[in-house]
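Residues are numbered in my numbering as their position in the sequence shown, beginning at 1, plus a constant of 26.
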Amino acid sequence: MAPTGNRSRTRNLPEPRGHGLHLVPWDPASRADTQAWLRGNQDPEFRRWNTPLRTVTDLAEARESLRARARAAVEGTAVSFRITDADSGTTLGHIGVNEIKPVLGTARVGYWVLPESRGRGVATRALLLTTRWAFAELGLHRLELDHAVGHAVSCRVAERCGFRYEGTLRGAAFEAGRHDAFRDAHLHARLATDPEPADP
27 MAPTGNRSRT
37 RNLPEPRGHG
47 LHLVPWDPAS
57 RADTQAWLRG
67 NQDPEFRRWN
77 TPLRTVTDLA
87 EARESLRARA
97 RAAVEGTAVS
107 FRITDADSGT
117 TLGHIGVNEI
127 KPVLGTARVG
137 YWVLPESRGR
147 GVATRALLLT
157 TRWAFAELGL
167 HRLELDHAVG
177 HAVSCRVAER
187 CGFRYEGTLR
197 GAAFEAGRHD
207 AFRDAHLHAR
217 LATDPEPADP
């Protein structure tokens, strides 16, 4: 089912819960959220595989980045979740549904996990949860996920979550730390009609 104009708005929808996680919107007014966002964006492993158009180097930039994401949620073009432990509320990472196109019923998903939370299946659990939420609450038909070639961990997460490998996108991502050079990316995607993968 294609999303309607109202359903394309991402505010006031149920927050995803399950697999020991609770996904909550980032709060630009929260110092703790801003600090976690800054840490995630400055993490060397994040920067190895991701080169944002605008780098986040201090708390002011982190706060403005979160404000931009909050505006996107109001506009219905994206939704960003802070991945938290369902019991403690501890921040584990980030996952977002981006570039939402209601007419086509498509979007792109991306995520990162803080260093101390890696190796616990956080990305896999969060991606499964977010995918189900996006299909059910946003009425999407197709979710895409891409990552720089060589990022084996992201490849495994995508495959475990039912995102089939569809090919290599040539020169589709920035090289690490550069906006004047490009590298290839793997494209994965999942349709709402694809079989549901096993729970972790």
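Backbone N, C-alpha and C define an ideal beta-carbon position, used for all residues, glycine too. What you are looking at is a predicted structure, and each value in this text was computed from that prediction instead of being measured.
Closest in alpha carbon position to proline 226, among Leu217, Val183 and Asp206, is Val183. A straight-line Cα-Cα distance of about 8 angstroms links proline 221 and glycine 188. Contact between the stretch 165-176 and the stretch 141-148 is absent: fewer than 3 CB-CB pairs across the two stretches fall below 8 angstroms. Non-local beta-carbon contacts of aspartate 111 in its own chain, meaning distances under 8 angstroms to residues more than five positions away in sequence, involve Gly46, Leu47, His48 and Leu118 in chain order.
Residue environment analysis places aspartate 59 among the buried positions, since at least 16 neighbouring C-beta atoms fall within 10 angstroms of its C-beta. Between the alpha carbons of arginine 151 and proline 40 lies a gap of roughly 17 angstroms. For phenylalanine 161, there is no enclosing beta strand (DSSP E); the enclosing alpha helix (DSSP H) has its first and last residue at 148-163. Scanning its chain for C-beta atoms nearer than 8 angstroms, with the 5 sequence neighbours on each side dropped, one finds around glutamine 61 the residues Leu85 and Ala88, in chain order.
A direct Cα-to-Cα measurement between leucine 195 and glutamate 170 gives close to 12 angstroms. By the 16-neighbour rule on beta-carbons within 10 angstroms, serine 114 is exposed.
When DSSP reads this structure, alanine 133 sits in a beta bridge with Leu169.
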